[in-house]
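Asks: Let me give you the structure first, and then I'll get to my questions.
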Amino acid sequence: MNTRSTLLNLHAQLRERVRQAAQEQFNIALEQIPLEVPPRVELGDVAFPIAFELAKRIRQATGSSRAPRQIADILRPALETVEGVERVEVAGAGYLNVFFDRARLLAELFSEKRSSTRPAAEPEARPKRIVEHTNINPNKAAHIGHLRNAVLGDAFVRILRAAGERVEVQNYIDNTGVQVADTVVGFIHLEGMALSDVRALDQSLPVDRPFDYYCWDLYARVGLFYRNGDPDGPEDPEKLRLRAEVLHAIEKGDNEIAELADYVSMRIVECHLKTMERLGIRYDVLPRESEILHLHFWERAFERLKAAGVIRYETEGRNAGCWVMPTDLHLGTEEHEADKILVRSNGTVTYAGKDIAYQLWKLGLLGLDFYYKPFRTYPDGHRVWVTTSDAREHDPAAPKFGGGTIVYNVIDSRQSYTQEVVKRAVAALAPEVGADASVHLAYEMVALSPAACEELGIELSEEDRARPFVEMSGRKGLGVKADDLIDQLEAGALGEVEARHADLTEEEKRAVAHEIAVGALRYFLLKWTRNSVIAFDFKEALSFDGETGPYCQYAAVRAGSIFRKLDPEVRERAATMIEDALRNGETADLLRRVFASESGDELWTLVMLAARLEEVIAQAATAAEPAHLAKYAFQLAKAFNLFYHRHRIIGEEDAVKQAVLIAIADLVRRRLTEALNTLGISVPERM
RNA sequence: GCACCCGUAGCUCAGCUGGAUAGAGCGUUUGACUUCGAAUCAAAAGGUCGCAGGUUCGAGUCCUGCCGGGUGCACCA
Numbered sequence: 011m012n013t014r015s016t017l018l019n020l021h022a023q024l025r026e027r028v029r030q031a032a033q034e035q036f037n038i039a040l041e042q043i044p045l046e047v048p049p050r051v052e053l054g055d056v057a058f059p060i061a062f063e064l065a066k067r068i069r070q071a072t073g074s075s076r077a078p079r080q081i082a083d084i085l086r087p088a089l090e091t092v093e094g095v096e097r098v099e100v101a102g103a104g105y106l107n108v109f110f111d112r113a114r115l116l117a118e119l120f121s122e123k124r125s126s127t128r129p130a131a132e133p134e135a136r137p138k139r140i141v142e143h144t145n146i147n148p149n150k151a152a153h154i155g156h157l158r159n160a161v162l163g164d165a166f167v168r169i170l171r172a173a174g175e176r177v178e179v180q181n182y183i184d185n186t187g188v189q190v191a192d193t194v195v196g197f198i199h200l201e202g203m204a205l206s207d208v209r210a211l212d213q214s215l216p217v218d219r220p221f222d223y224y225c226w227d228l229y230a231r232v233g234l235f236y237r238n239g240d241p242d243g244p245e246d247p248e249k250l251r252l253r254a255e256v257l258h259a260i261e262k263g264d265n266e267i268a269e270l271a272d273y274v275s276m277r278i279v280e281c282h283l284k285t286m287e288r289l290g291i292r293y294d295v296l297p298r299e300s301e302i303l304h305l306h307f308w309e310r311a312f313e314r315l316k317a318a319g320v321i322r323y324e325t326e327g328r329n330a331g332c333w334v335m336p337t338d339l340h341l342g343t344e345e346h347e348a349d350k351i352l353v354r355s356n357g358t359v360t361y362a363g364k365d366i367a368y369q370l371w372k373l374g375l376l377g378l379d380f381y382y383k384p385f386r387t388y389p390d391g392h393r394v395w396v397t398t399s400d401a402r403e404h405d406p407a408a409p410k411f412g413g414g415t416i417v418y419n420v421i422d423s424r425q426s427y428t429q430e431v432v433k434r435a436v437a438a439l440a441p442e443v444g445a446d447a448s449v450h451l452a453y454e455m456v457a458l459s460p461a462a463c464e465e466l467g468i469e470l471s472e473e474d475r476a477r478p479f480v481e482m483s484g485r486k487g488l489g490v491k492a493d494d495l496i497d498q499l500e501a502g503a504l505g506e507v508e509a510r511h512a513d514l515t516e517e518e519k520r521a522v523a524h525e526i527a528v529g530a531l532r533y534f535l536l537k538w539t540r541n542s543v544i545a546f547d548f549k550e551a552l553s554f555d556g557e558t559g560p561y562c563q564y565a566a567v568r569a570g571s572i573f574r575k576l577d578p579e580v581r582e583r584a585a586t587m588i589e590d591a592l593r594n595g596e597t598a599d600l601l602r603r604v605f606a607s608e609s610g611d612e613l614w615t616l617v618m619l620a621a622r623l624e625e626v627i628a629q630a631a632t633a634a635e636p637a638h639l640a641k642y643a644f645q646l647a648k649a650f651n652l653f654y655h656r657h658r659i660i661g662e663e664d665a666v667k668q669a670v671l672i673a674i675a676d677l678v679r680r681r682l683t684e685a686l687n688t689l690g691i692s693v694p695e696r697m
């Protein structure tokens, strides 16, 4: 188990007392004891609205009614004797409001010197969770929609790890799909290139227009090519035949086209990983679709699906000759079939089928495994592995991948239906594992605001202009490339840094600008909840003011600068005094006096907010919603900025008050930094 | 047609398993740098939480029905 924080411990004790008291006083067994934070600090630090619930239960059990306030009064003594509680009040219609011993709690929180290195006790012993994210088709440069996926997935990974979980990160590579085929069609039929030509071209490209950028444009040209130059025209069956040929050759393998496709796709994967590393996003393993095919994962899954009666062969009707999985997810109509086709009448498997096989492997239910070889090593030594179907290439040093207890798939909510099919198929094959082991971590798309389209020089129809957003389209080359956006953010941040810190070296300035750019971008993508469509707007995304990453970073930097300038002796004396309050009642009384003063409530509110970090991380992990943590980080930064504005720490003359201010600033600095790190945002020394 | 998601301040969005007087950012108006950094802070204005019922001691939150918007329902991935 993870080391419990001071605050969570107190919560647990209070809940237990409520449970006992309800049992002893009213003979009622409570399953859940809701605990809430009162709207204002004058109403206490935590509140239990449990008397209302008990009033109802007592009436149901005995027929006699008791006033909630009276019930709360009876429960009160049980809470008052908990260590760390100063007093308990009954308020409103029957709330039990608990007030903590501020001096004691501050001292305890201050002494938790663990910050970001807090060891989650033996995560190795925890059941493995797998998070799959990024999953970009390897045929063109990444755009901001892909970034939302990767940043969301990566933040979630960090949140799980902060909560003490063991996590494996996978990035699925669809290297044999239609989109790769399209780019390959471009090289062969539009450019007239063979593998050697593509290699030479790749070598000759300028750094600011690398291979993935080239393919971005080429892919858009292929889209036009299929439609004979008219973006809104019909697709030409003759041209589509070229795609089918290429796709077939890729799937078959062991030929020149497949080699070309392999070069293109893996070069693009390299580009994607480079882009993602700019944002601090890394992976453990890259499972590839080519291996799912060549190592016959599908055949194994197919046999089991047939044996279990999960799928059936259609002999008549529209789906004659296909293997389908019946579903009741929606009703079938003339236009739409209710059943999901897994094997086409020509014998080939659909995406959903392959995904079922892959999901079974991820859960350790398939009974087959990939071979693995190293793909690349990050500067700190962390290695990413890629799958291979060639046993001779297998590196025995490879860790054991797959076999997760819970698998989170970070995938666009537009794929909810397919994900539901996959989940149900797995649950039908392995009822002991069930549907809950497969989690679709769905999120809404990133679209473009009309203003963003204008800035990109995209012509909008009357109709589109009236809409709140316009969907991006890789096929049309319509979108904001990830690296372009990061470049713009870095340029903007560099300008701000230069204006403030002319004394830094070029290298230092660029490093700080990079941290700010990453902070801005990651926060921008995380501040929205998952089911909110992001209408991308340049002005908003490039802003460093208001609810942004740099705002949060700035608060932490200011806190840091206090400690850079604070006399170490003063700091040491303050720490000694605060810790002494844990043992010495007189010292504790001195601290209590500070909290009882005019600004006491305001100071305490900040302490309680900072104390809530673990709770928020746990909640973000359970809800799989990093936005909760992002909102919290902003709230904490905002509260700190207010504190910073109202109190002079270094110049404070009252030694006791100064000690309290120092302890609070230190606590908030540590908590804010940890919250930001858990979102993948670092805090520079200066900015 | 069916399924899922969303309607909260001028705009963009929060609102944890139902809880006390519905909150932020942007924008608007007005103030605060001789101070540990103004990428900051403060104040003002801004709301029938889409509409109508229901459950509950209590509903922005849960249920039903409408209205409005988005997405999906491929022998694409």
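Its first residue numbered 11, the first sequence is counted upward by one per residue in this note's numbering. No residue lacks a Cβ here, since even glycine has one placed at the ideal position from N, Cα and C.
(1) What number of angstroms, rounded off, separates the C-alpha of L499 from the C-alpha of L552?
(2) Roughly how many angstroms lie between the CA atoms of D349 and V95, to the nearest whole one?
(3) Going along the chain, which unbroken runs of the alpha helix (DSSP H) with 4 or more residues stay wholly within the stretch 539-580?
(4) Taking the straight line between their C-alpha atoms, what separation do you get for R128 and T91?
(5) Short of 7 angstroms in beta carbon distance, which residues of its chain neighbour N651, apart from the five on each side in sequence? Order them along the chain.
(6) Counting only the same chain and skipping the five closest in sequence on each side, list residues whose C-beta sits under 7 angstroms from that of S426.
(7) The alpha helix (DSSP H) with V396 in it runs from where to where?
(8) Consult DSSP for G249 and reduce its assignment to one of helix, strand or coil.
(9) In angstroms, rounded to a whole number, what distance separates the CA positions of Q189 and L115?
(10) Which same chain residues end up closer than 7 angstroms to R86 when comparing Cβ atoms and leaving out the 5 residues on each side of it in sequence?
(11) Here's the rule: buried if 16 or more other CB atoms are within 10 angstroms of the residue's CB, otherwise exposed. What is E684?
(12) Please state if the CB of V51 and the CB of H21 are separated by a distance shorter than 8 angstroms.
(13) Where do the N-terminal and C-terminal ends of the beta strand (DSSP E) with F109 fall, by residue?
(14) In the DSSP assignment, what residue or residues form a beta bridge with W333?
(15) Return the CA-CA distance between C332 and S355, expressed in angstroms with no decimal places.
(16) Considering only residues of the same chain and omitting the five flanking positions on each side of I321, which have a CB-CB separation below 7 angstroms?
(17) Are V420 and I544 close, meaning C-beta to C-beta below 8 angstroms?
(18) In terms of alpha-carbon separation, which member of F120, R79, A113 and F109 lies closest to G102?
(19) Compare the Cα-Cα distances from G357 to each of V431, A172, L535 and Y323 and report the closest residue.
(20) DSSP on T387, reduced to helix/strand/coil?
(21) Taking 7 angstroms as the cut-off, is the beta-carbon of D365 closer than that to any non-hydrogen atom of the ligand ADP?
(22) With burial defined as no fewer than 16 other Cβ atoms inside 10 Å of the residue's Cβ, what is the status of L250: buried or exposed?
(23) Which residues in the same chain as K364 place their Cβ atom closer than 7 angstroms to its Cβ, once the five residues preceding and following it in sequence are excluded?
(24) Just verifying my parser: in three-state terms, what is the DSSP assignment at N687?
(25) For E662, which residues from the same chain have a beta carbon less than 8 angstroms from its beta carbon, with the 5 sequence-adjacent residues on both sides left out?
(26) If you measure between the beta carbons of K491 and A117, is that distance less than 8 angstroms?
(27) Tell me, please, which residues DSSP counts as bridged to Q180.
(28) Roughly how far, in whole angstroms, is the beta-carbon of L89 from the beta-carbon of L40, given that I think they are within contact range, below 8 angstroms?
(29) Is the separation between the beta-carbon of L531 and that of A447 shorter than 8 angstroms?
(30) Would you call the stretch 234-241 in contact with the stretch 136-156, where contact means no fewer than 3 C-beta pairs closer than 8 angstroms?
(31) So, V394 versus D272, is the Cβ gap smaller than 8 angstroms?
(32) Whole angstroms is fine: what's the gap from D83's alpha carbon to L18's?
(33) Figure out for me which residue from L211, E280, L205 and L215 has the closest Cα to the Cα of N265.
(34) As a quick exercise: from P560, L119 and R136, pick the residue whose alpha carbon is nearest that of T415.
(35) Residues in the same chain with beta-carbon distance under 8 angstroms from E245, minus the five sequence neighbours each way, listed in chain order, please.
(36) Determine the closest residue to W371 out of E122, V417 and Y388, with distance taken between C-alpha atoms.
Replies: In terms of the structure at hand:
(1) Approximately 6 angstroms, taken between the alpha carbons.
(2) Straight-line spacing of the CA atoms in D349 and V95 works out to 59 angstroms.
(3) 548-551 and 559-575
(4) Unreliable positioning characterises R128 in this predicted model, as indicated by a pLDDT of 49, which lies under 50. The coordinate reading is nonetheless provided below. Distance between the alpha carbons of R128 and T91 is about 30 angstroms.
(5) Non-local beta-carbon contacts of N651 in its own chain, meaning distances under 7 angstroms to residues more than five positions away in sequence, involve A565 in chain order.
(6) H450 and A452
(7) Unbroken run through V396 is the beta strand (DSSP E), R393 to T398; no alpha helix (DSSP H).
(8) Per the sequence shown, residue 249 should be read as Lys rather than Gly. Three-state result, K249: helix.
(9) 57 angstroms
(10) V98, V100 and L106
(11) buried
(12) Not in contact: H21 and V51 (Cβ atoms no closer than 8 angstroms).
(13) Y105 to F110
(14) Y323 and V353
(15) 5 angstroms
(16) L315, W333, V334, M335 and L352
(17) No, the Cβ-Cβ distance between V420 and I544 is not below 8 angstroms.
(18) R79
(19) Y323
(20) strand
(21) The model on display carries no ligand, and the ligand ADP is accordingly not part of it.
(22) exposed
(23) E299, I302 and W308
(24) helix
(25) Q668 and L671
(26) no
(27) E142 and V295
(28) That pair is no contact at about 14 angstroms.
(29) Cβ distance not < 8 angstroms, so L531 and A447 don't count as in contact.
(30) no
(31) no
(32) 24 angstroms
(33) L205
(34) R136
(35) Once the five neighbours on either side are set aside, the close Cβ partners of E245 are Y236 and R237.
(36) V417
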